[in-house]
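One structure is given below, encoded as structure tokens.
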Amino acid sequence: MGSGLAGLRAAIEAARTGRGRVSIAVVTKTQPMRSHSVSAEGGTAAVLYPEEGDSLESHMWDTVKGSDFLADQDVVERFVNLAPHEIIQLEHWGMPWARRQDGKIAQRYFGGQSYPRACYAEDKVGFYEMSTLYDTCLRYDEIVFYDEWVVTKILKNNGRFAGVVAISLKNGELALFNAKAGILATGGAGRIYSFATFGHSSTPDGYAIAYRAGIPLRDMEFVQFHPTGLVPSGILITEAARGEGGILRNKDGERFMERYAPKAKDLAPRDIVSRAMITEIREGRGFKTEDGEDYLLLDLTVIDPDVIKKKLTSIREICLRNAGIDPINEPIPVRPVAHYYMGGVDANIDGATELPGLWAAGEVACTSMNGANRLGSNSTSECLVWGRITGEQAARFALTHPAVEPLKSEIDEEEKRIYDKLLGPAPRVNPYNIKKEIQALMERHFHVYREASSMEEGLRKLRALKQQAEMGVEDKSRYYNTNLINVLEIDYMFDVCEVIGAAAIHRSESRGAHARVDYPLRDDKNWLNHILVYKKIDGFEFSYKEVVITKFKPTERTY
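Each number in the numbering used here comes from the position in the sequence shown (counting from 1) with 37 added on.
In structure tokens form, the structure reads like this:
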């Protein structure tokens, strides 16, 4: 389920493991090369040259420290050990990595990293990685793509995964995909915020269908705001722009990050830079657009123009097309933008969920590799590493377990929900207005800085909105009914936004991307653990897991 980096890498590994004995369906609501992974710009982290000073232990330390010590360290250690192999594997499949003068794969600095370990292909890393993986998938006859099929429900029987129900966008047909094993790779919660780097197809489908199937969501309060979203569109301006020497400035022209992170400056981790930017804006050192939107400046004029033309080609094109700005000559208007979700579907170190036969990989999964804050360039590596792990695990499971028949009652229930409840009566409210209200609530009450009374108000309003919604679908057609798909997505947004809000209120401390003005300090005594949220008939309940600490004890986090 899903055709981004994690989904394609999982499909390839399942095919390699099965060697013709497994059949693999890649079920995706877009076409594969429309998956949001193509938008990744800056780099993919791995230690390639330990002889030049970098080390696996350094990568592990940077990741654990960057996570504000909420990452499970056994998971991080596995990640840093496997990431270099994935870079080389992509190289063997044809990935056009950028090169150093000596011909080796080039790497650059990213925030929170002690060494330049972000492998890149100019600033189009995701596009080239996806092209490489998709091309590799096409070499395997056992991988079959079901493009524009939207998974709506996970099926189970006798305590095991039994397949999924999905609807075809092309003709409105509802179908059962009966399977021995499944891999959830549907990406993050995407556009639950209005100012976001995600494409509009990125919605929290995977989180919601897993949650409704009884699988807990873990650490959902941790939402990453990337410091540099282009104003007013929200399009990502990659961290590589600062890795190449770009500087953040306030309205006084000051390089303000020197105050907040004296050593790392503009290449501090994202949570620290985003908080600094919001502080600058709140204290009156920001700019305002004609429409009243706040912003600061990302100054690339300090970079050699030839470097921008060669290494930041897409960024220059994005600025020219979407803002009428040439970053060679003038600074870029930016502000923190919703970008990534550290939390997700609870999964163990192998990516296995609580439902036997179902794995999760990539941003939809929470193995607790990123803890409370992800370092830039670790996410694409994570997709590749756990795509590989889950693909192998799922294929081995399918080869050694009999099929499970799904319950007919569950399939019938889903059919009634879609055709009778949603496509039946006319909608009482405009679902697109509902979506805007959800996004506005998240922007207002669950942003970079949070406070109990505001979050409680936001959660009350969200629940009231859900009660009033009673959404239906205006378009009754069965063919390319995007109105139906959008309504399904909005329904998922309600569930996931409620979990994020409830978990954020529950965690009474500040850690990583979760910054509370009423609890400004990290509280290791009470909150050095993960919050799990289980769906119940009458709401939800919290559970907890201890953080796995193997090598590095929590310390004060300075940069």
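All C-beta atoms in this analysis are idealised placements derived from N, C-alpha and C, irrespective of residue type, glycine included.
Assumed close pair residue i, residue j - CB separation to whole angstroms, cut-off 8 Å
{"i": "Met-132", "j": "Ser-74", "result": "Their Cβ separation, rounded to whole angstroms, is 14 Å, which puts Met-132 and Ser-74 out of contact at 8 Å."}
{"i": "Arg-559", "j": "Ser-545", "result": "So it is not a contact: roughly 11 Å between Cβ atoms."}
{"i": "Ile-598", "j": "Leu-335", "result": "What is shown of the chain runs 38 to 596, which leaves residue 598 out entirely."}
{"i": "Pro-373", "j": "Leu-337", "result": "So it is not a contact: roughly 18 Å between Cβ atoms."}
{"i": "Gly-408", "j": "Asp-105", "result": "6 Å"}
{"i": "Leu-213", "j": "Pro-443", "result": "7 Å"}
{"i": "Trp-423", "j": "Gly-394", "result": "Trp-423 to Gly-394, Cβ: 17 Å. No contact."}
Per DSSP, the bridge partner or partners of residue i
{"i": "Tyr-581", "result": "Ile-568"}
{"i": "Trp-186", "result": "Ser-205"}
{"i": "Ile-284", "result": "Asp-336"}
{"i": "Tyr-378", "result": "Val-260"}
{"i": "His-551", "result": "Arg-548"}
{"i": "Arg-197", "result": "Asn-194"}
{"i": "Cys-156", "result": "Thr-81, Gln-144"}
{"i": "Lys-573", "result": "Gly-576"}
{"i": "Gly-219", "result": "Leu-395"}
{"i": "Ala-212", "result": "Ala-203"}
{"i": "Ile-537", "result": "Paired residue(s): none; Ile-537 is not in a bridge."}
{"i": "Val-1", "result": "Since the first and last residues shown for the chain are 38 and 596, residue 1 lies out of range."}
Residue span of the alpha helix (DSSP H) that contains residue i, given as start and end
{"i": "Lys-141", "result": "Neither: Lys-141 is in no alpha helix (DSSP H) and is coded neither H nor E."}
{"i": "Val-112", "result": "110-130"}
{"i": "His-96", "result": "93-103"}
{"i": "Val-162", "result": "162-174"}
{"i": "Ala-43", "result": "42-55"}
{"i": "Ile-681", "result": "The requested residue 681 does not occur in the structure, where the chain is confined to residues 38 to 596."}
{"i": "Tyr-297", "result": "294-297"}
Between the CA atoms of residue j and residue i - distance to the nearest angstrom
{"i": "His-129", "j": "His-122", "result": "11 Å"}
{"i": "Lys-472", "j": "Glu-493", "result": "20 Å"}
{"i": "Glu-451", "j": "Met-294", "result": "51 Å"}
{"i": "Val-371", "j": "Arg-279", "result": "13 Å"}
{"i": "Glu-210", "j": "Lys-193", "result": "21 Å"}
{"i": "Ala-552", "j": "Phe-579", "result": "20 Å"}
{"i": "Val-344", "j": "Gly-200", "result": "49 Å"}
{"i": "Ile-352", "j": "Thr-223", "result": "26 Å"}
{"i": "Leu-85", "j": "Met-530", "result": "40 Å"}
{"i": "Val-181", "j": "Leu-127", "result": "21 Å"}
{"i": "Asp-289", "j": "Arg-228", "result": "33 Å"}
{"i": "Glu-320", "j": "Ala-52", "result": "55 Å"}
{"i": "Val-162", "j": "Asp-575", "result": "44 Å"}
{"i": "Leu-349", "j": "Ile-315", "result": "26 Å"}
{"i": "Glu-317", "j": "Glu-327", "result": "19 Å"}
{"i": "Leu-447", "j": "Val-187", "result": "Inspection of the sequence shows that residue 447 is occupied by Glu rather than by Leu. Going from the Cα of Glu-447 to the Cα of Val-187 covers about 17 Å."}
{"i": "Arg-500", "j": "Leu-93", "result": "45 Å"}
{"i": "Tyr-244", "j": "Gly-381", "result": "6 Å"}
{"i": "Ala-389", "j": "Leu-285", "result": "41 Å"}
{"i": "Ile-542", "j": "Ala-489", "result": "6 Å"}
{"i": "Gly-361", "j": "Pro-269", "result": "12 Å"}
{"i": "Ala-233", "j": "Trp-564", "result": "28 Å"}
Delimiting residues of the beta strand (DSSP E) encompassing residue i
{"i": "Gly-381", "result": "381-383"}
{"i": "Ile-318", "result": "No beta strand (DSSP E) holds Ile-318; the alpha helix (DSSP H) holding it covers 307-319."}
{"i": "Ala-62", "result": "61-65"}
Could you tell me which uninterrupted alpha helix (DSSP H) segments, each at least 4 residues in length, are contained entirely in the segment 462-528, listed from first to last along the chain? 468-482, 489-506
Report the start-end ranges of each alpha helix (DSSP H) in the segment 331-373 that is 4 residues or longer and not cut off at the edges. Counting only runs of at least 4 residues, the segment 331-373 fully encloses the following alpha helix (DSSP H) elements, listed from N- to C-terminal order: 342-348, 350-360.
What alpha helix (DSSP H) runs, 4 residues minimum, are completely inside the segment 221-285? List check, alpha helix (DSSP H) in window: 242-249, 277-280.
Length-filtered (3 minimum) beta strand (DSSP E) runs lying within the segment 386-429: List check, beta strand (DSSP E) in window: 395-397.
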